[in-house]
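Trainee:
In the working numbering, the protein residues as written are 4 to 415.
(1) Nearest to residue 240 by CA position, among 17, 378, 371 and 375, is which residue?
(2) Our contact map puts residue 231 next to residue 352 with C-beta atoms below 8 Å; I'd like the distance itself, whole angstroms only.
(3) Rounded to whole angstroms, what's the CA-CA distance from residue 408 to residue 317? Just pull it up for me.
(4) I need the straight-line Cα distance from residue 262 to residue 329, nearest angstrom please.
(5) Since residue 391 and residue 28 are thought to touch, with beta carbons under 8 Å apart, how far apart are those beta carbons, to the nearest angstrom?
(6) In the DSSP output, what is residue 217 paired with across the bridge?
(7) Once the 5 residues before and after residue 61 are set aside, which same chain residues still bring their CB inside 6 Å of it?
(8) Can you look up residue 168 in the DSSP assignment and give me helix, strand or coil?
(9) Comparing alpha-carbon positions, which option in 49, 42, 196 and 378 lies nearest residue 65?
(10) Looking at residue 277: is its Cβ nearer than 7 Å to the Cβ of residue 312?
(11) Between which two residues does the beta strand (DSSP E) harbouring residue 390 extend?
(12) To which residues of the same chain is residue 79 closer than 6 Å at the C-beta, ignoring the five residues directly before and after it?
(13) What are the boundary residues of the beta strand (DSSP E) that includes residue 337?
(14) Can you give me the Cβ contacts of residue 275 inside the same chain, cut-off strictly under 7 Å, excluding the 5 residues immediately before and after it?
(15) How would you label residue 50, buried or exposed, when you count the other beta carbons within 10 angstroms and need 16 or more for buried?
(16) On a CA-only basis, which of 411, 176 and 354 is nearest residue 101? Give me that one, please.
(17) Nearest CA to the CA of residue 306: which residue from 265, 48 and 233?
(18) I'd like to confirm the pairing. Which residues does DSSP put opposite residue 6 in its beta bridges?
(19) Taking just the CA atoms, how far does residue 170 sit from residue 342?
(20) Determine the burial state of residue 416: buried for a count of at least 16 other Cβ atoms within 10 Å of its Cβ, exposed for fewer.
(21) Roughly how many angstroms separate the alpha carbons of residue 272 and residue 368, rounded to a whole number?
(22) Enumerate in chain order the residues of its own chain whose CB-to-CB distance from residue 152 is below 7 Å, with the five nearest sequence positions on each side excluded.
(23) What residue does the alpha helix (DSSP H) around residue 409 start on, and which one ends it?
(24) Touching or not, the region 186-200 and the region 211-222, by the rule of three or more beta carbon pairs under 8 Å?
(25) State the CB to CB distance for the pair residue 4 and residue 94, rounded to an integer number of angstroms; the pair is presumed to be in contact (CB under 8 Å).
(26) Assign residue 56 to one of two classes, buried (16 or more other C-beta atoms within 10 Å of its C-beta) or exposed (fewer than that).
(27) To the nearest angstrom, how far is it from the Cα of residue 405 to the Cα of residue 81?
(28) CB-CB under 6 Å to residue 174, same chain, minus the five flanking residues each way: which ones, in chain order?
(29) Helix, strand or coil, according to DSSP, for residue 294 in the structure here?
(30) Could you check what DSSP says for residue 239 in three-state terms: helix, strand or coil?
(31) Taking only beta-carbon atoms, is residue 361 less than 7 Å away from chain B?
(32) So, under 8 Å CB-CB, residue 207 and residue 224 are touching, yes? Tell me the CB distance rounded to an integer number of Å.
(33) Any idea what DSSP makes of residue 145, helix, strand or coil?
(34) Thinking residue 47 and residue 76 are a contact (beta carbons under 8 Å), I'd like their distance in whole angstroms, please.
(35) Within its chain, find whatever has a CB closer than 6 Å to the CB of residue 383; leave out the 5 residues flanking it on each side and keep chain order.
(36) Using CA atoms only, rank isn't needed, just tell me which of 123, 59, 172 and 197 is closest to residue 112.
So this is what it looks like as structure tokens:
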């Protein structure tokens with residue numbers, strides 16, 4: 004079976020969890036005998052599209068360079084379509100993309116299409132977070148398009164006028180996503196997909212407004228890359244790790260600081276390492292380690308004892324929690340979105356009420372005061388990562404049945 008994977012944003016080394024998902028799914032599909040090929044758009048001078056290090060990928064890739072006009076609907080209908088058609092795929096996977104994914108589905112309508120949804124891009128036109136004024140937004144583009152249009156235009160106005168628009172905003176403009184015509188095209192395109200993949204059951208509801216053809220497939224983790232540290236037990240002072248895009252208010256770092264101040268005030272010794280810009284001024288127990296690249300993350304986890312994920316938004320999955328578990332460390336995470344599926348409360352870590360700094364402080368105190376419990380939770384987290392989330396297991400368990408189903412639908 005020939006599978007074309009089309010991604011409008013892919014880069015390697017990865018910029019985020021979606022890149023990681025594409026990489027490992029394609030690698031494992033190749034191992035299972037599928038003929039896979041990645042098609043990626045690349046924009047000169049931009050870090051957002053097609054920034055791929057030479058020789059970094061274990062599967063074939065076609066890099067489609069964009070012209071001065073950037074990514075346009077015409078490019079998708081002509082250059083990209085011709086490239087994919089030249090591969091003669093049996094099935095097309097559409098992975099990362101924003102508003103131009105609608106035009107991409109229209110361009111590739113001759114093929115069975117599986118579309119991957121990584122965050123809230125189907126529900127929110129402001130950004131992928133569906134997060135507003137410090138809390139998850141109750142509105143959804145499919146149900147309240149006018150409200151979402153006004154919100155999106157207000158949030159993007161500054162970058163549009165300043166000429167600093169990123170890929171999200173440029174796709175918004177090119178697709179004319181504020182129009183009623185786009186709304187109709189979007190709904191028709193999503194209904195046309197043979198299947199839409201989401202990462203957890205928590206992501207199903209808004210997609211069901213568009214199609215009933217939904218598959219829930221979680222992300223995985225490379226258990227050979229993320230490994231426990233044998234030196235952890237000898238550390239005199241336990242180390243907390245807060246990784247990810249924590250400068251984003253939706254990630255809840257300010258909530259973590261409140262909780263950590265409470266714990267520090269009770270006289271418990273600890274150190275915090277956070278992916279904040281180096282030189283960030285904070286309490287004496289806080290160390291800003293800067294933005295860590297993909298190659299640095301396994302060691303960063305191994306150098307810590309507890310991973311904290313204090314998210315305020317509805318996490319579509321929660322990859323850092325899974326990487327931490329694979330690294331054998333206990334996790335304290337908000338009871339929100341996909342984090343509830345990954346972390347088993349009381350077994351691999353603790354889940355606390357979203358936005359509740361006292362509840363987080365209580366979880367941290369319990370782990371910091373009981374190093375044996377902390378180590379035991381880390382060991383159980385590692386076991387869960389091996390049993391449930393190993394990439395080999397994820398791809399072999401979920402993808403062949405899905406591909407066979409789509410193939411049978413094609414033959415009818």
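Idealized CB from N, CA, C, for every residue including glycine.
Mentor: Looking at the atomic coordinates:
(1) Comparing Cα-Cα distances from residue 240 to each of 17, 378, 371 and 375, the minimum goes to 371.
(2) Not quite, the Cβ-Cβ distance comes to about 14 Å (not below 8 Å), so this is no contact.
(3) Cα to Cα, residue 408 sits roughly 30 Å from residue 317.
(4) The straight-line gap from Cα to Cα measures roughly 25 Å.
(5) Not a contact, Cβ separation roughly 16 Å.
(6) 199.
(7) Cβ within range, chain order: 30.
(8) Here residue 168 sits in coil by DSSP.
(9) It is 42.
(10) Judged by beta-carbon spacing, residue 312 lies beyond the 7 Å limit of residue 277, meaning their Cβ atoms are not closer than that value.
(11) Premise fails: residue 390 is in no beta strand (DSSP E) and is neither H nor E.
(12) Only 106, 107 and 110 meet the Cβ criterion.
(13) First-last of the beta strand (DSSP E) with residue 337: 333-337.
(14) Close CB contacts of residue 275 within its chain, under the 7 Å cut and outside five residues either way in sequence, are with 243, 245, 263, 288, 289 and 290 (chain order).
(15) A residue is called buried once 16 or more other Cβ atoms fall within 10 Å of its Cβ, and residue 50, having fewer, is exposed.
(16) Residue 101 has its Cα closest to that of 176, out of 411, 176 and 354.
(17) Closest in alpha carbon position to residue 306, among 265, 48 and 233, is 233.
(18) Answer is 39 and 94, bridged to residue 6.
(19) Whole-angstrom Cα-Cα distance: 27 Å.
(20) With the chain represented from 4 up to 415, any question about residue 416 goes unanswered, as that position is not in the structure.
(21) Between residue 272 and residue 368, the alpha-carbon positions lie close to 10 Å from each other.
(22) Cβ neighbours of residue 152 beyond the five flanking positions: 128 and 181.
(23) 394-414 is the span of the alpha helix (DSSP H), which, as asked, contains residue 409.
(24) The answer is yes - the region 211-222 touches the region 186-200, with three or more Cβ pairs under 8 Å.
(25) Their Cβ separation, rounded to whole angstroms, is 7 Å, which keeps residue 4 and residue 94 in contact under 8 Å.
(26) Residue 56 should be labelled exposed.
(27) So the two alpha carbons sit approximately 29 Å from each other.
(28) Answer for residue 174: 101, 102 and 103, listed in chain order.
(29) Reduced to three states, the DSSP call for residue 294 is coil.
(30) Residue 239: coil per DSSP, three-state reduction.
(31) The chain inventory of the structure shown lacks chain B, comprising one protein chain alone.
(32) Their Cβ separation, rounded to whole angstroms, is 22 Å, which puts residue 207 and residue 224 out of contact at 8 Å.
(33) Collapsing the DSSP output to three states places residue 145 in coil.
(34) 20 Å between Cβ atoms; not a contact.
(35) Sequence-distant Cβ neighbours of residue 383 in its own chain, meaning closer than 6 Å and more than five residues away, are 350 and 351.
(36) 197 is the residue among 123, 59, 172 and 197 whose C-alpha sits nearest the C-alpha of residue 112.
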